[in-house]
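Chemist: Residue numbers (full-length UniProt numbering): 1 to 193.
Now the structure itself:
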């Protein structure tokens with residue numbers, strides 16, 4: 001398994017480090033088979049747990065980062081929300097996040113019934129929440145169909161996750177950082193290592 005450590009400092013230039021020392025020596029046999037050139041996985045859903053601040057609410061400086069994520073073609077949404085109530089955020093408009101509430105239930109509809117209504121498939125008024133009310137702890141999701149799309153996403157993540165460089169050093173907190181583990185992705189060749 002190859003570990004990719006992604007660290008973004010809001011003041012310094014983005015830095016991506018590939019930590020794959022002794023990758024081939026420590027790799028189990030089944031992983032070598034998965035990483036062979038003949039094996040091409042069809043897709044990957046990447047869920048990344050994040051903390052956008054220290055408290056229970058999102059740090060306001062990270063709101064532009066969250067809103068920018070929705071413009072990425074690989075982004076599939078954000079899981080998080082308010083304290084003791086998690087939702088699935090699928091879009092945004094201005095500073096409002098559009099979400100689906102998995103806790104909302106309704107009776108089962110019979111498809112072959114003459115009284116079946118397609119109204120049960122959607123809500124006429126989308127649920128929204130101001131981004132400033134988002135809990136600081138959440139998970140962001142990305143869907144990549146190929147290794148090439150995954151490689152492109154890894155290239156875009158520093159820009160997507162960067163906080164404005166106009167911040168003063170006194171207001172700067174720790175950089176947004178997380179680790180992504182990818183099975184044998186050789187970044188330089190865009191193929192299994």
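By construction, the Cβ of each residue, glycine as well, lies at the ideal position given by its N, Cα and C atoms.
Along the chain, where does the alpha helix (DSSP H) that runs through residue 68 open and close?
Modeler: Run containing residue 68: 63-69, per the alpha helix (DSSP H) assignment.
Chemist: On the three-state DSSP scale, how would you describe residue 139?
Modeler: Note: residue 139 maps to strand in three-state DSSP.
Chemist: Work out the CA separation of residue 127 and residue 102 for me, nearest whole Å.
Modeler: The straight-line gap from Cα to Cα measures roughly 12 Å.
Chemist: Is the Cβ-Cβ distance between residue 82 and residue 160 less than 9 Å?
Modeler: No; because the gap between Cβ atoms is not below 9 Å, this pair is not in contact.
Chemist: Could you tell me the alpha carbon to alpha carbon distance between residue 107 and residue 113, rounded to whole angstroms?
Modeler: Going from the Cα of residue 107 to the Cα of residue 113 covers about 14 Å.
Chemist: CB residue 99 to CB residue 129, shorter than 9 Å?
Modeler: A contact, by the Cβ cut-off of 9 Å.
Chemist: For the beta strand (DSSP E) containing residue 124, name the first residue and the last one.
Modeler: Counting along the chain, residue 124 falls outside any beta strand (DSSP E), and DSSP gives it neither H nor E.
Chemist: Whole-angstrom Cβ separation of residue 65 and residue 163, contact assumed at under 8 Å?
Modeler: The Cβ separation is near 6 Å, so the contact holds.
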